[in-house]
Amino acid sequence: MVVRRHGDGGGGGGGGRMALWGVMVMVVALWGVGTNAEDHPIPKFIETLAGSYSLTVEMSNVIENETYYVEEVHERRLYHDMLSDTQAVKVQKNGSFLTHHFFPEKNEFVEENENGCHSAGEQEGDHFWGWYDIDPEHGSKNFGPSSILRLASYEDAVYVSGADEVEGVYVETWQVSLLGGEIIIHYRFSLPTWETPEAGWFSEGGGSLPIEFEVDFADGSLTHRYYVVKFLPWVEGHHLLEPGRGKSCEAMVGVETDAQVPSIPWHFSMSEEVVIGPQINGVSIGVQHVEKIRLTYAGKLSLVALLVTPPIISGETQSYAIKVIHDFNTGVEYLMFSEFGNCSMGFIPPDGFDTHFGGFLGTTGVMLGPNEMFHLDEDYAFVGDGFSRGISGDKWTSTRIDDIPDPIEGGIQTLPKAVIEYDFSQVVGMLTTNFYDFTVINLVSESEFSVEACYEKRSDEWSFLDVFFPSRP
1 MVVRRHGDGG GGGGGGRMAL WGVMVMVVAL WGVGTNAEDH PIPKFIETLA
51 GSYSLTVEMS NVIENETYYV EEVHERRLYH DMLSDTQAVK VQKNGSFLTH
101 HFFPEKNEFV EENENGCHSA GEQEGDHFWG WYDIDPEHGS KNFGPSSILR
151 LASYEDAVYV SGADEVEGVY VETWQVSLLG GEIIIHYRFS LPTWETPEAG
201 WFSEGGGSLP IEFEVDFADG SLTHRYYVVK FLPWVEGHHL LEPGRGKSCE
251 AMVGVETDAQ VPSIPWHFSM SEEVVIGPQI NGVSIGVQHV EKIRLTYAGK
301 LSLVALLVTP PIISGETQSY AIKVIHDFNT GVEYLMFSEF GNCSMGFIPP
351 DGFDTHFGGF LGTTGVMLGP NEMFHLDEDY AFVGDGFSRG ISGDKWTSTR
401 IDDIPDPIEG GIQTLPKAVI EYDFSQVVGM LTTNFYDFTV INLVSESEFS
451 VEACYEKRSD EWSFLDVFFP SRP
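For the sequence shown, the tail end lands on 473 under UniProt numbering, and the numbers increase by one without skipping.
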């Protein structure tokens, strides 16, 4: 159109110059405003945003002159053949924070801040524009700044320019118009020729990475600018996915809502150390003592044996062990003192660690089941895997209210609130070793332990002397 218009304006040399200028305008137009996605497509990260990723942005509310630091992580993976789809968005402003935990499969939100956390139900109400995307054509439900970024893969994008610079990075700009032009989104991606080593981590994007995107309302009521600080195709901060514990977050959901807490066998033995009066941040909160325990549990036989070094008796720390046997068949408790060799008998106490209530002679005292011994029930949330003391394991947590006996009070009273975390080790491999040709040795053979080879000289250092003895024919 431009060429035709100027070509018709005159003849001779002038017309030629105008036509040439028109061609130049046409070239600029091809790479400027109005180029559709087919001629110069916008980089898309459909697979990345449909999987696990980390996205950190600095968000500026231009109208209100406010700045937010936003960390978003989304994990989609299999935990022991169970699909986990969970998301967390932490928003920080002026030293305070608000973390949105989102569980798309249950369509449930949990909000956490400095004061506590609570369930926000199925509809997240207080959020920035474009964060909550429930359009099924865009994939699964999503929450956070990534919802705006993934819109670029599903809406018609128009190429704007390729001569901009953002924070020292040369970028190309695309524009997406929504609601008939009421909302305009500008996306700025790094030039493919720009050296961005992180681009090699992605299987898509054509060597470009998102640098900045901006949301503008045509009426001037809203302008949100997002500068991308970090974008990774994996979950970098897994701790963000864990709902807060100990802050009114009782029975909150975990990263896998259908996972069942492991079951404890009906016959087992274990050893443990309990630190009484530990130091917290270098401050002692009482007399310190390590209580060593050896527990043997036989649920089918209704027997429990406990070998323990009690912490303090009559104001003195004890160093000798006491063996305790609870026989739930008769309701009798046996106490055997290894230091003195004596034994005492009595009833199983009502506040025992292994019973619902005291078992008395002639009554039906109830023995705790194996999972009940460890307070394991449906109130635990699975918060993912990790490493504890160098061992790979699954972490489960639960916040208990007036449920856990207080050891300081001898188990008679319960703690008003207690947070329990269990790490169950994972079996990551098996090794089979077969022994054969096992023989008892009665005599020591010097050849088995000979170190003669360590003292042999090199062949070029050896000399030979031949001695001949005449013999008679």
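Don't be surprised by glycine CBs; every beta carbon is placed ideally from N, CA and C. No experiment lies behind these values; they were computed from the predicted model shown.
Which of helix, strand or coil DSSP assigns to residue i
i           : result
PRO210      : strand
ILE46       : helix
residue 499 : As shown, the chain starts at 1 and ends at 473. That puts residue 499 outside it, with no answer to give.
GLU167      : coil
PHE449      : helix
MET26       : Summary for MET26: the model assigns pLDDT 33, below 50, so the residue's position carries little reliability; its value from the coordinates is reported in the next sentence. Helix, per DSSP.
PRO243      : coil
TRP201      : helix
GLU333      : strand
VAL352      : According to the sequence shown, residue 352 is Gly rather than Val. In the structure shown, GLY352 sits in coil (DSSP, three-state: anything other than H, G, I, E or B).
GLU339      : coil
GLU409      : helix
LEU232      : strand
GLY10       : Residue placement at GLY10 cannot be trusted, given a pLDDT of 36 that sits under 50; what the coordinates show is reported in the next sentence. If DSSP states are grouped into helix, strand and coil, GLY10 belongs with coil.
TYR436      : coil
HIS224      : strand
GLY237      : coil
GLY162      : strand
LEU307      : strand
LEU443      : coil
LEU179      : helix
Same chain, Cβ closer than 8 Å to residue i, five either side skipped, listed in chain order
i      : result
ALA218 : GLY181, GLU182, ILE183 and ILE184
SER146 : LEU49, TYR53, LEU55, GLU72 and HIS74
GLY206 : PRO43 and PRO192
GLU204 : PRO43, LYS44, PHE45, ILE46, GLU47 and THR48
PRO265 : PRO370
SER392 : ASP385, GLY386, SER425, GLN426 and VAL428
VAL166 : ARG188, ILE211, GLU212 and TYR227
GLU198 : LEU209, PHE231 and LEU232
Contacts around residue i, its chain only, beta-carbon distance under 6 Å, and the 5 residues preceding and following it disregarded
i      : result
VAL467 : none
LYS93  : TYR68
TRP234 : SER52
VAL33  : Model confidence at VAL33 stands at a pLDDT of 49, short of 50, so the residue's coordinates are unreliable; what they give is reported in the following sentence. Excluding positions up to five away in sequence, the list reads VAL160.
GLU155 : VAL176
HIS101 : ALA88, VAL110 and PRO243
ARG400 : ALA418
ALA152 : ILE42 and TYR187
N-terminal and C-terminal residue of the alpha helix (DSSP H) that residue i is part of
i      : result
MET373 : 370 to 373
Cβ-based neighbour list, residue i, same chain, cut-off 7 Å, excluding 5 preceding and 5 following
i      : result
GLY369 : GLY299
SER471 : none
TRP131 : PHE143, GLY144, PRO145 and SER147
SER263 : ASN371
GLU58  : THR67, TYR69, TYR227 and VAL229
GLU256 : TYR79, MET82, SER84 and PHE382
LEU134 : The question names Leu, but residue 134 is Ile in the sequence shown. Counting only Cβ-Cβ distances below 7 Å, and skipping sequence neighbours, we find LYS141.
Opening and closing residue of the beta strand (DSSP E) in which residue i lies
i      : result
LYS395 : 391 to 401
HIS186 : 183 to 190
GLU273 : 267 to 276
ALA381 : 381 to 388
LYS300 : First-last for LYS300: undefined, no H or E at that position.
MET367 : Element bounds for MET367: n/a, residue is neither H nor E.
HIS326 : 322 to 327
SER52  : Unbroken run through SER52: none, as it is neither H nor E.
CYS343 : 342 to 347
ILE420 : 417 to 425
Rounded distance between the beta-carbons of residue j and residue i, thought under 8 Å
i      : j      : result
MET373 : TYR422 : With a Cβ gap of about 12 Å, MET373 and TYR422 do not count as contacting.
ALA418 : PRO243 : Actually they are not in contact, since the Cβ atoms of ALA418 and PRO243 sit about 17 Å apart, beyond 8 Å.
PHE109 : GLY121 : 6 Å
TYR187 : THR173 : 7 Å
LEU240 : LYS90  : 6 Å
ILE322 : GLU333 : 11 Å between Cβ atoms; not a contact.
VAL324 : LEU306 : 4 Å
Below-9 Å beta-carbon distance, residue i vs any chain B residue
i      : result
GLU446 : Absent from the structure is chain B; it holds one protein chain and no more.
Residue i Cβ short of 8 Å to the ligand ATP heavy atom set
i      : result
GLU198 : In the structure shown, the ligand ATP is absent, as is every other ligand, since no ligand is present at all.
Could you pull out every unbroken alpha helix (DSSP H) segment of at least 4 residues lying fully inside the stretch 72 to 159, listed in chain order?
-> Listed in chain order, they are 146 to 151.
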